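Participant: Below: one structure in structure tokens.
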Amino acid sequence: MNYRVTDTHVYVLDSHDTIHDVLCFPRSNQDYKDLVELVYDSQTHEITNIDDFKVFDHSRVTAPSKGGFFYTQEFLIPILKLVNENKL
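What the sequence shown shows, in UniProt numbering, is residues 1 to 88, in sequence order.
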């Protein structure tokens, strides 16, 4: 899993062929109890160049991802663990 942790967010890169989505999760001071809470707090943005992830800042991105990919429990459970491990 390719991810970045900043002072306020955990960013996870999800790539499918030529589509690159960045999933943004706030760093909460409490654990997310389940996947519903996690997904409710998430934002998704699309980047055209995978190298842009190294300097990605969601506050400077105006276009959200077009979506279309279904994030399964198998995909999200490791992210839930990652986000909960990186609390503020």
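Idealized CB from N, CA, C, for every residue including glycine. A quick note: this is a predicted structure, and the numbers were derived from the prediction, not measured.
If you count every other CB in all the chains shown that lies within 10 Å of the CB of residue 109, and 16 or more means buried, which is it?
Facilitator: Nothing about residue 109 can be read from this structure; the chain reaches only from 1 to 88.
Participant: I need the boundaries of the beta strand (DSSP E) containing L13, first residue and last residue.
Facilitator: H9 to H16
Participant: Looking only at C-alpha atoms, which of V36, P64, D51 and Y32 sits nearest to Q43?
Facilitator: P64
Participant: Using DSSP bridges, identify the partner residues of E46.
Facilitator: D21
Participant: From the DSSP output, which residues share a beta bridge with V5?
Facilitator: V10
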